[in-house]
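All residue numbers for the sequence shown refer to numbering that gives the first Met the number 0, where the first residue is 0 and numbers rise by one.
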Amino acid sequence: MKQDIILAGVGGQGILSIAYVIDNAALADGLFFKQAEVHGMAQRGGAVQSHMRLSDGTIWSDLIPKGEADMILSVEPLEALRYLDYLRPDGIVVTSSTPFRNIPDYPEIDKVLEALHKAPRSVVVDSEKLAKEAGTVKAQNVVLLGAASSFLIIKEASLLGTIETLFGGRGPAVLESNLKAFALGKKAALGS
């Protein structure tokens, strides 16, 4: 059992938090993981991507070859589109429909989403709307993690336990918002 994931987004959107939850949940499930360095964090608003590999056996490299990723998990739709050439023919894209317009020539969002829907399988959720419904727009990354949860080889209980560890010290309201964001993302993905 193995799974290769490309994490993508924009600096400040919580890619490191997603990686933390997946990594620690994988360890709780007894899996091995390797994660390439997260690139792009030097500047808030810049492109961010990381390779994440999960397996029940030895992982020899932390980099995912083009055409071999099982999933692209992105908090920003244009960033998901940027890494489509890494996706396997039967892979899945899980992304937000909410653009982060950090460049002056950001393409029309309808064209970006149309291109993403051409992926073999795609789940596109309105992370901004769902995060606001959960209580904080800052939880968009956790909405996307919830949307991806049904497609991960990690147990949901392990993901939720790690979310509790990560956000529990920030107070009950923050934890509750993030748990709700996860649930809303999962529900949205299953309904798409």
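Beta carbons: idealized from backbone N, C-alpha and C, even for Gly.
Here the C-alpha atom of A147 lies approximately 25 Å from the C-alpha atom of Y105. Here T94 is buried, its C-beta having at least 16 other C-beta atoms within 10 Å. Between the region 0-20 and the region 68-88 there are three or more inter-stretch CB-CB distances shorter than 8 Å, so the stretches are counted as touching. For K154, the CB contacts under 6 Å within the same chain, skipping 5 residues up- and downstream, are D28 in chain order. D22: member of the alpha helix (DSSP H) spanning 14-27, first to last residue. With a cut-off of 8 Å on Cβ pairs, the region 168-177 is in contact with the region 133-153, counting three or more such pairs.
Residue ranges of uninterrupted alpha helix (DSSP H) with 4 or more members, entirely inside the region 136-173 and ordered along the chain, are 139-148, 155-167. Inclusion of R87 and A68 in the CB contact set at 8 Å is warranted, their separation being smaller than that value. The beta-carbon distance between I21 and M51, rounded to whole angstroms, is 6 Å. This is short enough to meet the 8 Å contact definition. L129 is a Cβ neighbour of A180, given a cutoff of 8 Å. From the listed residues S121, F99, A79, the smallest Cα separation to Q12 is found for F99.
DSSP, reduced to helix, strand and coil, places L129 within a helical segment of the structure shown. Taken in chain order, the complete alpha helix (DSSP H) segments of 4 residues or longer contained in the region 85-135 are 108-115, 126-133.
Under the three-state reduction of DSSP, A79 is assigned to helix.
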